[in-house]
Amino acid sequence: VKKRQQRVMMILDSKNVEYDVIDITEPGKEDDKEFMQSMSKARDSKYPLPPQIFNDEDYCG
8 VKKRQQRVMM
18 ILDSKNVEYD
28 VIDITEPGKE
38 DDKEFMQSMS
48 KARDSKYPLP
58 PQIFNDEDYC
68 G
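In our numbering, the protein residues as written are 8 to 68.
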């Protein structure tokens with residue numbers, strides 16, 4: 008997961024795209040975790056795995 012996160016951040020940085028990183032494993036981020044799980048689409052598993060990309064509340068991938 009960490010390598011995928013680093014790759015996504017590297018791509019966004021190379022395109023000069025501003026972003027906020029939200030670590031859903033931190034205490035107090037339960038609402039963000041629930042938001043990610045309910046708004047994103049999983050490929051093969053029950054819940055999607057990070058990183059997930061949103062533009063405000065719009066799911067991007």
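All C-beta atoms in this analysis are idealised placements derived from N, C-alpha and C, irrespective of residue type, glycine included.
- Contact check for Lys36 against Ile29 passes: the beta carbons are separated by less than 9 Å.
- By the Cβ-count criterion, Gln13 is exposed, with fewer than 16 other Cβ atoms from all chains shown falling within 10 Å of its own Cβ.
- Scanning Met17, Glu25, Glu64 and Met46 for the CA closest to the CA of Leu56 turns up Met46.
- Residue burial is scored here from C-beta neighbours: Met17 has fewer than 16 other C-beta atoms within 10 angstroms and is therefore classed as exposed.
- With contacts defined by Cβ atoms closer than 9 Å, Ile60 and Val8 do not form a contacting pair.
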